[in-house]
Amino acid sequence: ILNVEQSPQSLHVQEGDSTNFTCSFPSSNFYALHWYRWETAKSPEALFVMTLNGDEKKKGRISATLNTKEGYSYLYIKGSQPEDSATYLCASSGAGSYQLTFGKGTKLSVIP
Amino acid sequence: NAGVTQTPKFRVLKTGQSMTLLCAQDMNHEYMYWYRQDPGMGLRLIHYSVGEGTTAKGEVPDGYNVSRLKKQNFLLGLESAAPSQTSVYFCASSQGARQPQHFGDGTRLSIL
Chain A
6 ILNVEQSPQS LHVQEGDSTN FTCSFPSSNF YALHWYRWET AKSPEALFVM
56 TLNGDEKKKG RISATLNTKE GYSYLYIKGS QPEDSATYLC ASSGAGSYQL
106 TFGKGTKLSV IP
Chain B
224 NAGVTQTPKF RVLKTGQSMT LLCAQDMNHE YMYWYRQDPG MGLRLIHYSV
274 GEGTTAKGEV PDGYNVSRLK KQNFLLGLES AAPSQTSVYF CASSQGARQP
324 QHFGDGTRLS IL
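For the record, the sequence lines run as chains A and B. Here the first sequence is numbered in our numbering, starting from 6 and rising by one per residue. Here the second sequence is numbered in our numbering, starting from 224 and rising by one per residue.
Structural data, given as structure tokens:
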């Protein structure tokens, strides 16, 4: 079972602000890093799956970077909108394992 | 597009009763997973399957059994429900270990 930590636990930003949060995971034996968005009363929705050190992925105003050597990933949201309000989950898996270990999430609230 | 469908959506059980949660996916995915979500915890993997006829234990398997007799279905059973199993249960599926997981809408289970 991996130790996946996310910070901050929650944050509030004003509409239009850019923000970022962190996911840390064990760097040894790394296999994949997932990011999900989880809106209230819905199910988690996949944003990115990242596997290579230095990987950078982008989806609209949301982007993510990956550093497998030091064991962290950043998720960035540019120009936050109220519809970005959600809990953002990251999850990591180790080589040879089919299991994802999820962090507890970062709850983002965007204030109009 | 159905995706991943979980039934039932809600259920209340008495301690000692048994029940089965059904997960069905129509994406021809090989991998399927059962998670539980508890307050203050990340999603925790109960059991998973990497193909029809296969199952394996996840992080918190005790008190649960699973079966994958057909590729599209993954059943989670509680033989003798306990209050500690009160939780929201999510099923997910993916094409591979490095592919994004697709989640169902969850089953809210209360055990009195």
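Quick reminder that beta carbons are idealized off the backbone N, C-alpha and C, glycines included.
For a contact defined as C-beta to C-beta under 8 Å, what are the partners of residue i on chain B?
i: residue 91 of chain A; result: Ordered by position in chain B, no residue passes the 8 Å Cβ test against residue 91 of chain A, which lies about 14 Å from the chain.
i: residue 37 of chain A; result: 320 and 321
For chain A, is any of its Cβ atoms less than 9 Å away from the one on residue i?
i: residue 291 of chain B; result: no
i: residue 265 of chain B; result: yes
i: residue 335 of chain B; result: no
i: residue 332 of chain B; result: no
List the residues of chain B whose Cβ lies closer than 7 Å to the Cβ of residue i, in chain order.
i: residue 48 of chain A; result: 313, 326, 327, 328 and 329
Please compile the residues from chain A whose C-beta is within a distance smaller than 8 Å of the C-beta of residue i.
i: residue 271 of chain B; result: 103 and 104
Using beta carbons (cut-off 9 Å, strictly below), is residue i in contact with chain B?
i: residue 41 of chain A; result: yes
i: residue 109 of chain A; result: yes
i: residue 98 of chain A; result: yes
i: residue 56 of chain A; result: yes
i: residue 9 of chain A; result: yes
i: residue 16 of chain A; result: no
i: residue 94 of chain A; result: yes
Following the continuous beta strand (DSSP E) through residue i, name the residue where it begins and the one where it ends.
i: residue 331 of chain B; result: 330-334
i: residue 321 of chain B; result: No beta strand (DSSP E) holds residue 321 of chain B; DSSP gives it neither H nor E.
Residue i touches chain B at which residues, Cβ-Cβ below 9 Å?
i: residue 69 of chain A; result: Going along chain B, no residue has its Cβ under 9 Å from residue 69 of chain A, so there is no contact; the nearest lies around 13 Å.
Worksheet item: If you scan the region 225-249 of chain B from start to end, which runs of the alpha helix (DSSP H) of 4 or more residues do you find wholly inside it?
Response: none
Fill in: Members of the region 229-262 of chain B near chain A, C-beta cut-off 7 Å
254
Fill in: Near-chain A residues of the region 278-304 of chain B (beta-carbon distance less than 9 Å), N- to C-terminal order
Result list: 279, 281 and 282.
Worksheet item: Which whole runs of the alpha helix (DSSP H) in the region 36-116 of chain A are 4 residues long or more, in chain order?
Response: none
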